[in-house]
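K.L.:
If you scroll down you'll find the structure; I have some questions about it.
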Amino acid sequence: MLKKTVLFLLFFSVLSFCPVQAQEHFEFDQTDTNMSILILEAAIDGNSLVADDEIGVFTPRGICAGSTVIPEDFPDEPIGIAAWGADEGENIAFHINEPLSFRFWDSSAEEEFVADAEYIQGDGRWVANGFVVVNLTAVVEEVDHLLQFEILEYRMPDVEVGQRIAIRFNVANIGQEDCTISNMFFTGADAEEFWHEFEEGFVIAVGEDVNIFVGFAPQSPGEKLATFNVICDEIEEPFEVHLSGIGIGNQEPHFEWEITADNHSILITEALLDEELLVELDEIGVFTPNGLCTGSSIFEEEFPVGLSAFGDDLGTQDVVEGFRNEEEISFRFWDYSAQSEIDNVEITVINGPVFWVNNGFSVFELSAFAAPEAQFAVDPEDHDFGEIVIGEDEAFGFSIVNVGEADLIISDIEIESDNFYSDFEEEITITPGEEAVVNVTFAPIELGAIEGLIYFTTNDPQNDFAYVELTGVGLGRELSVPMNAGWNIISINVVPGQEFWSGEEGPDIILMTDQLRVDEDNHRIELMKDQVGRFYVPGWGGFNNIETWQPTEGYQIKVIEECEAVYSGIPIPADTEIPLHRQWNIVAYLPTFELDAGA
Numbered sequence: 032m033l034k035k036t037v038l039f040l041l042f043f044s045v046l047s048f049c050p051v052q053a054q055e056h057f058e059f060d061q062t063d064t065n066m067s068i069l070i071l072e073a074a075i076d077g078n079s080l081v082a083d084d085e086i087g088v089f090t091p092r093g094i095c096a097g098s099t100v101i102p103e104d105f106p107d108e109p110i111g112i113a114a115w116g117a118d119e120g121e122n123i124a125f126h127i128n129e130p131l132s133f134r135f136w137d138s139s140a141e142e143e144f145v146a147d148a149e150y151i152q153g154d155g156r157w158v159a160n161g162f163v164v165v166n167l168t169a170v171v172e173e174v175d176h177l178l179q180f181e182i183l184e185y186r187m188p189d190v191e192v193g194q195r196i197a198i199r200f201n202v203a204n205i206g207q208e209d210c211t212i213s214n215m216f217f218t219g220a221d222a223e224e225f226w227h228e229f230e231e232g233f234v235i236a237v238g239e240d241v242n243i244f245v246g247f248a249p250q251s252p253g254e255k256l257a258t259f260n261v262i263c264d265e266i267e268e269p270f271e272v273h274l275s276g277i278g279i280g281n282q283e284p285h286f287e288w289e290i291t292a293d294n295h296s297i298l299i300t301e302a303l304l305d306e307e308l309l310v311e312l313d314e315i316g317v318f319t320p321n322g323l324c325t326g327s328s329i330f331e332e333e334f335p336v337g338l339s340a341f342g343d344d345l346g347t348q349d350v351v352e353g354f355r356n357e358e359e360i361s362f363r364f365w366d367y368s369a370q371s372e373i374d375n376v377e378i379t380v381i382n383g384p385v386f387w388v389n390n391g392f393s394v395f396e397l398s399a400f401a402a403p404e405a406q407f408a409v410d411p412e413d414h415d416f417g418e419i420v421i422g423e424d425e426a427f428g429f430s431i432v433n434v435g436e437a438d439l440i441i442s443d444i445e446i447e448s449d450n451f452y453s454d455f456e457e458e459i460t461i462t463p464g465e466e467a468v469v470n471v472t473f474a475p476i477e478l479g480a481i482e483g484l485i486y487f488t489t490n491d492p493q494n495d496f497a498y499v500e501l502t503g504v505g506l507g508r509e510l511s512v513p514m515n516a517g518w519n520i521i522s523i524n525v526v527p528g529q530e531f532w533s534g535e536e537g538p539d540i541i542l543m544t545d546q547l548r549v550d551e552d553n554h555r556i557e558l559m560k561d562q563v564g565r566f567y568v569p570g571w572g573g574f575n576n577i578e579t580w581q582p583t584e585g586y587q588i589k590v591i592e593e594c595e596a597v598y599s600g601i602p603i604p605a606d607t608e609i610p611l612h613r614q615w616n617i618v619a620y621l622p623t624f625e626l627d628a629g630a
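Quick note: the sequence shown uses the working numbering, first residue 32, plus one each step.
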């Protein structure tokens with residue numbers, strides 16, 4: 032007696048839950064039967080409908096019995112509508128042999144238009160499980176809305192940091208209808224450094240113009256870029272003016288100090304960090320023995336560099352602002368590129384004292400080495416886990432070594448893939464020359480070759496965000512789907528592998544059924560439909576508006592001969608939640624074992 036794996040489906044009606052259609056304008060009831068409509072063209076005054084417009088199909092009684100939202104790729108690709116049918120006595124959809132009629136919804140104009148139909152195949156009357164091909168057209172008088180800026184790109188004058196300027200832009204309405212300006216805003220990396228005076232909406236009448244003031248207020252030095260957007264309610268896209276400008280001004284000092292009446296003058300003829308001269312925007316600070324900064328200088332172009340070390344204000348008894356007489360002088364560097372202070376600065380005296388004297392003068396050379404650093408190393412630098420069956424796992428230990436001179440701190444570990452996980456729970460500290468092991472487990476949840484990255488967040492300045500490459504292969508189980516000639520209702524209980532996916536949303540209908548082709552020009556599938564009436568018809572250029580194969584749903588497939596499809600994928604748990612839509616549903620049955628169909 033033969034054993035076969037049998038695929039069960041449930042086909043039933045739900046009286047509540049959310050409506051299945053996602054359209055905002057046309058509304059309809061989904062029933063248990065429909066007719067498939069393929070639309071090759073749909074235009075208003077010769078202009079094709081665009082994304083977010085809608086097409087509705089209507090009964091002679093004016094009842095909407097199906098609709099679709101225009102996708103981005105129309106008219107390069109045709110679209111399909113399911114026209115739903117009703118039982119005798121019901122007035123919610125089509126009855127047999129009733130003529131089809133169509134309407135457009137122009138989302139930008141928020142208007143409906145009656146469309147004329149030219150049938151390429153079929154006669155335009157409703158039949159259960161029928162199929163027609165049609166072109167649609169409508170006529171409407173169109174009104175132009177057009178704004179004109181005197182310039183579309185502008186470079187602001189250079190402005191001191193902390194200052195602001197305003198520029199006048201002229202905007203004219205050269206269209207055929209008034210334009211309502213409802214908003215203005217900036218976009219781009221430096222949007223916050225530009226401003227405008229817009230407070231509330233206003234109307235620019237036909238033939239009129241207005242002045243708009245736009246400003247530049249740099250908050251830091253350097254070039255600034257932004258785009259000024261003007262929203263006219265009657266026009267779909269905002270008008271854009273591309274702006275640029277330069278903020279000029281000195282770098283804010285890192286070290287802070289107070290100016291007093293007394294000071295000691297210091298000339299620095301050379302300052303080395305790691306045996307290299309300080310560079311532009313680095314800073315030298317002079318400090319008291321108690322760590323109080325009393326003066327600093329930002330390096331600009333070349334040595335020597337002069338700075339004043341200010342003394343304490345004797346008039347403020349309770350506050351120390353600077354040096355007291357004969358206190359030892361010390362220095363710190365601010366490494367601008369590394370954004371770090373270096374406090375172990377050595378002084379070579381060229382002239383004068385190394386202690387503070389009011390009205391004193393000293394000449395020094397300075398040198399320092401950056402603080403000892405941790406250095407991250409990992410062994411191995413990548414790992415291949417090989418083939419692992421979905422539902423099983425394998426662990427591997429990575430050795431993290433500190434080859435630096437300071438403690439290495441692993442503060443966080445993240446993995447870029449849900450197929451891998453680590454045993455990291457809390458911060459890891461590794462002393463110089465030591466190592467720690469981090470275990471990573473491969474537990475595949477998808478089929479085929481899998482790649483991942485494990486990121487280590489460390490205090491190594493050269494590897495503060497290091498990563499290791501992970502690879503492996505997830506293996507699934509095989510499933511056979513037999514079909515008889517004519518109509519079939521099928522489902523699968525696995526999530527197919529990536530070879531059946533063309534995007535991130537789910538398996539592709541055409542890829543899923545490609546194995547049922549007879550040859551390059553002929554297909555065993557005559558018509559395939561989902562539970563909401565979307566359809567795939569290979570015979571008409573491969574039209575398909577079933578976006579993805581949903582493993583929790585069933586499908587109606589009409590094939591020309593007995594055949595079989597085979598899928599390999601991730602088993603779907605038997606307790607998987609199955610979403611139910613308003614009205615009729617075809618839902619999958621998800622067995623986790625083989626059933627004897629021989630009896």
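The beta carbon of each residue, even a glycine, is placed where N, CA and C say it ideally should be.
For the 8 Å Cβ check, are there 3 or more pairs between the stretch 392-406 and the stretch 299-308?
P.N.:
They touch, by the three-pair rule.
K.L.:
Identify the continuous alpha helix (DSSP H) that holds LEU542 and give its terminal residues.
P.N.:
Note, LEU542: alpha helix (DSSP H), 540-544.
K.L.:
For LEU345, is the classification buried or exposed, using 16 other Cβ atoms within 10 angstroms of its Cβ as the cut-off for buried?
P.N.:
Under this definition LEU345 is an exposed residue.
K.L.:
Three-state secondary structure (DSSP) at ALA222?
P.N.:
Reduced to three states, the DSSP call for ALA222 is helix.
K.L.:
Between ASP189, PRO569, ILE290, which has its C-alpha nearest GLY342's C-alpha?
P.N.:
GLY342 has its Cα closest to that of ILE290, out of ASP189, PRO569, ILE290.
K.L.:
Measuring only the C-alpha atoms, how far is GLY391 from GLY383?
P.N.:
Between GLY391 and GLY383, the C-alpha separation is close to 8 Å.
K.L.:
Under a three-way DSSP split, which group does GLN406 fall into?
P.N.:
Residue state, collapsed to three classes: coil.
K.L.:
For my contact list, PRO538 and THR579 are in at a C-beta cut-off of 8 Å; report their separation, rounded to the angstrom.
P.N.:
That pair is a contact at about 6 Å.
K.L.:
Tell me, to the nearest whole angstrom, how far the beta carbon of GLY417 is from that of TRP365; I am working on the premise that it is less than 8 Å.
P.N.:
Not confirmed; about 51 Å, so no contact.
K.L.:
Taking GLU191 as the reference, give the member of VAL170, SER251, VAL145 with the closest Cα.
P.N.:
Of the listed residues, the one whose Cα sits closest to GLU191 is SER251.
K.L.:
Would you identify the three-state DSSP class for GLU509, choosing helix, strand or coil?
P.N.:
Strand.
K.L.:
Would you check if the distance between the CB atom of GLY503 and the CB atom of ALA467 is smaller than 9 Å?
P.N.:
No, the pair does not count as a contact, with Cβ atoms beyond the cut-off.
K.L.:
Going along the chain, which unbroken runs of the beta strand (DSSP E) with 3 or more residues stay wholly within the stretch 291-367?
P.N.:
If we require 3 residues or more, the beta strand (DSSP E) runs fully inside the stretch 291-367 come out as 294-304, 314-318, 324-329, 336-341, 361-366.
K.L.:
The beta strand (DSSP E) that contains MET559, what's its start and end?
P.N.:
First-last of the beta strand (DSSP E) with MET559: 556-560.
K.L.:
Got a sec? Which residues, its chain only, sit under 7 Å from GLY483 by beta carbon, not counting five neighbours each side?
P.N.:
The residues are ILE446, GLU447, SER448, ASN450, PHE451, LEU501.
K.L.:
In terms of residue numbering, what span does the beta strand (DSSP E) encompassing ASP415 cover?
P.N.:
That run of the beta strand (DSSP E) goes 413-420.
K.L.:
Which of the three DSSP states is assigned to GLU530 in this structure?
P.N.:
Correct three-state label for GLU530: helix.
K.L.:
So the candidates are SER442, GLU141, ALA114; which of them puts its Cα closest to the Cα of GLY155?
P.N.:
The shortest Cα separation from GLY155 among SER442, GLU141, ALA114 belongs to ALA114.
K.L.:
Kindly identify the DSSP beta-bridge partner or partners of TYR586.
P.N.:
Looking at the DSSP assignment, TYR586 forms a beta bridge with ILE521.
K.L.:
Within its chain, find whatever has a CB closer than 7 Å to the CB of VAL636; leave out the 5 residues flanking it on each side and keep chain order.
P.N.:
Outside the shown range of the chain (32 to 630) lies residue 636, about which nothing can therefore be said.
K.L.:
In terms of residues, what are the limits of the beta strand (DSSP E) holding GLU425?
P.N.:
Where GLU425 is concerned, the enclosing beta strand (DSSP E) stretches over 425-433.
K.L.:
Using the beta-carbon count (16 or more within 10 Å), is PHE244 buried or exposed?
P.N.:
It counts as exposed.
K.L.:
How big is the Cα-Cα spacing for ALA257 and GLU271?
P.N.:
In a straight line, the C-alpha of ALA257 is about 10 Å away from that of GLU271.
K.L.:
Taking just the CA atoms, how far does LEU558 sit from SER98?
P.N.:
Those two C-alpha atoms are separated by around 20 Å.
K.L.:
Looking only at C-alpha atoms, which of GLU184, ALA148, TYR185 sits nearest to ALA169?
P.N.:
If we check each option's Cα against that of ALA169, ALA148 comes out closest.
K.L.:
Just reading off the beta strand (DSSP E) that PRO102 is part of, what are its end residues?
P.N.:
PRO102 -> no beta strand (DSSP E), and no H or E assigned at all.
K.L.:
Pull the bridge partners of ALA596 from the DSSP assignment, please.
P.N.:
The partner list for ALA596 (beta bridge, DSSP) reads VAL512.
K.L.:
So, under 8 Å CB-CB, PHE455 and VAL434 are touching, yes? Tell me the CB distance rounded to an integer number of Å.
P.N.:
Not really, about 21 Å apart at Cβ, beyond 8 Å.
K.L.:
Considering only their Cβ atoms, is the gap separating ASN214 from ASN260 smaller than 9 Å?
P.N.:
For ASN260 and ASN214, yes; Cβs fall inside 9 Å.
K.L.:
For TYR150, count neighbouring Cβ atoms within 10 angstroms of its own Cβ and tell me buried if that reaches 16, exposed if not.
P.N.:
The residue in question, TYR150, is exposed, as its Cβ has fewer than 16 Cβ neighbours within 10 Å.
K.L.:
With DSSP as the reference, label LEU71 as helix, strand or coil.
P.N.:
Strand.
K.L.:
Identify every residue that forms a DSSP beta bridge with GLN152.
P.N.:
Paired residue(s): VAL164.
K.L.:
Exposed or buried, ASP313, counting other C-beta atoms within 10 Å across all chains shown (16 or more means buried)?
P.N.:
With 16 or more other Cβ atoms within 10 Å, it is buried.
K.L.:
Assuming the contact rule is C-beta atoms closer than 8 Å, GLY507 and ILE601 should be a hit. Round their C-beta distance to whole Å, please.
P.N.:
Contact holds; Cβ gap of about 5 Å.
K.L.:
If we require 3 or more residues per run, which beta strand (DSSP E) segments fall completely within the stretch 88-137?
P.N.:
Segments of the beta strand (DSSP E) lying fully in the stretch 88-137: 95-100, 110-115, 132-137.
K.L.:
Tell whether a beta-carbon distance below 9 Å holds between VAL241 and ASN294.
P.N.:
No.
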